[in-house]
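Visitor: Sharing a structure with you now.
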Amino acid sequence: MPYSGYLFYKWAAHPGAPADEWGAALDPDGIVAQAARMIERYGFGSLKLKGGVFPPEQEIAAVRALRAAFPDLPLRIDPNGAWTPATAAGVVDTLAGTLEYLEDPVLGVAGMAQVRRSAGPAALPLATNMCVISFETVAPALAAGAVQIVLADHHYWGGLRATRELAAVCAATGLGLSMHSNSHLGISLAAMTHVAASIPNLTHACDTHYPWNAADDVVRPGPLRFVDGSVPVPTGPGLGVELDEDVVARLHRAYLESGRQVRDDAGYLRRHRPGFDPALPRW
0 MPYSGYLFYK WAAHPGAPAD EWGAALDPDG IVAQAARMIE RYGFGSLKLK GGVFPPEQEI
60 AAVRALRAAF PDLPLRIDPN GAWTPATAAG VVDTLAGTLE YLEDPVLGVA GMAQVRRSAG
120 PAALPLATNM CVISFETVAP ALAAGAVQIV LADHHYWGGL RATRELAAVC AATGLGLSMH
180 SNSHLGISLA AMTHVAASIP NLTHACDTHY PWNAADDVVR PGPLRFVDGS VPVPTGPGLG
240 VELDEDVVAR LHRAYLESGR QVRDDAGYLR RHRPGFDPAL PRW
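Printed below as a string of structure tokens:
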């Protein structure tokens, strides 16, 4: 099953810690270098940039640098609702013909529909994993013309069978389909691979955080690997992977000791930038 290399703006290290093997990616050159390393290691045939970090013109420059470096690869960017509809419509105009799709540039069905109306029906497709998140939310998005591609996630769509039911809805209504990733380990990667491989109309490479987490995985090595940017469907019983119970116990202890049982997306950055405001939109 094909996956897309997931690119992130990042420091070279946590403040006060040694640099990691990936180094800094804070500008177009850093993003291109990260992409090149992803492709060399895993063979990805498409790339996704997590945006909404810097002003849109800087992220547009990064997308253009990726296009220049990798002229044949599908590209996508996800600013996680950090833009206003006017800003997003401008980015659609600027990057039309460059991106495979634009994911969640603004918040909500109404905002996505406004972007689509501003850009025109022949414009860049808009994808979401934020405003179409259940069967009840499909019809309003369709009626508004807000979304052209749904990013499924078996964690919140109701499991593997329900994800296949979503695929049937997308096929019947003309919506495109791919899969969302949220910092998963091997259990989720195996589940994603199984269900995605069973869906003929899933025609966009799935997202995956896995290369960023694989060094601390909870499944034993072997069944999960990337071959030319794709994960072969595991063939063993169930999901085809085996838990490493020692790693599960170690990571569970780390979770309990972390104090992060309540989600706080801004807490870490506020340690280093006390005035950071996570409110959306930013631009």
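Take 0 as the starting number for the sequence shown in numbering that gives the first Met the number 0 and just add one per residue. No residue lacks a Cβ here, since even glycine has one placed at the ideal position from N, Cα and C. Just so we're clear, the structure is a prediction, and the values are computed from it rather than from any experiment.
Taking only runs of the beta strand (DSSP E) that begin and end inside the stretch 132-198, which ones reach a length of at least 3 residues, in chain order?
Guide: As summarised for the stretch 132-198, the continuous beta strand (DSSP E) elements at least 3 residues long and confined to that stretch are 148-151 and 175-178, given in chain order.
Visitor: CB-CB under 8 Å to residue 212, same chain, minus the five flanking residues each way: which ones, in chain order?
Guide: For residue 212, where only same-chain residues beyond five positions count, the Cβ hits under 8 Å are 182, 183 and 184.
Visitor: With residue 169 and residue 3 assumed to form a contact (beta carbons below 8 Å), what rounded beta-carbon distance in angstroms separates them?
Guide: About 18 Å; that fails the 8 Å criterion.
Visitor: Exposed or buried, which one is residue 192 when buried takes at least 16 other CB atoms within 10 Å?
Guide: buried
Visitor: Using 10 angstroms around the beta-carbon of residue 268, count the other beta-carbons present and answer buried if the total reaches 16, otherwise exposed.
Guide: Looking at its Cβ environment, which holds fewer than 16 other Cβ atoms inside 10 Å, residue 268 is exposed.
Visitor: Since residue 49 and residue 5 are thought to touch, with beta carbons under 8 Å apart, how far apart are those beta carbons, to the nearest angstrom?
Guide: So it is a contact: roughly 7 Å between Cβ atoms.
Visitor: Examine the Cβ distances between the stretch 162-179 and the stretch 140-150 and report whether three or more of them are shorter than 8 Å.
Guide: yes
Visitor: In angstroms, rounded to a whole number, what distance separates the CA positions of residue 79 and residue 42?
Guide: 26 Å
Visitor: Relative to the C-alpha of residue 279, which residue among 25, 68 and 52 is closest?
Guide: With distances taken between Cα atoms, residue 279 lies closest to 52.
Visitor: Please classify residue 75: does DSSP put it in a helix, a strand, or coil?
Guide: strand
Visitor: Thinking C-beta only, is residue 75 closer than 7 Å to residue 98?
Guide: yes
Visitor: Among residues of its own chain, excluding the 5 on either side of residue 162, which ones have a beta-carbon nearer than 6 Å to its beta-carbon?
Guide: So the qualifying residues of the chain are 151, 153, 156 and 194.
Visitor: Between the alpha carbons of residue 270 and residue 199, how many angstroms are there, rounded?
Guide: 46 Å
Visitor: Rounding to the nearest angstrom, what Cα-Cα distance links residue 225 and residue 141 in this structure?
Guide: 35 Å
Visitor: In the DSSP output, what is residue 100 paired with across the bridge?
Guide: 75
Visitor: Would the beta-carbon of residue 82 fall within 7 Å of that of residue 104?
Guide: Yes; because the gap between Cβ atoms is below 7 Å, this pair is in contact.
Visitor: Compare the C-alpha of residue 132 against each of 40, 179 and 231 and name the closest.
Guide: For the residues 40, 179 and 231, the minimum Cα distance to residue 132 belongs to 179.
Visitor: Whose C-beta lies closer than 6 Å to the C-beta of residue 45 among residues of the same chain, with five residues either side of it excluded?
Guide: For residue 45, where only same-chain residues beyond five positions count, the Cβ hits under 6 Å are 3, 72, 73 and 204.
Visitor: Excluding the 5 residues preceding and the 5 following residue 229 in the sequence, name in chain order all residues of the same chain whose CB lies nearer than 7 Å to its CB.
Guide: 0, 1 and 2
Visitor: Are the CB atoms of residue 196 and residue 238 within a distance shorter than 7 Å?
Guide: No, the pair does not count as a contact, with Cβ atoms beyond the cut-off.
Visitor: Per DSSP, what are the beta-bridge partners of residue 3 in this structure?
Guide: 206
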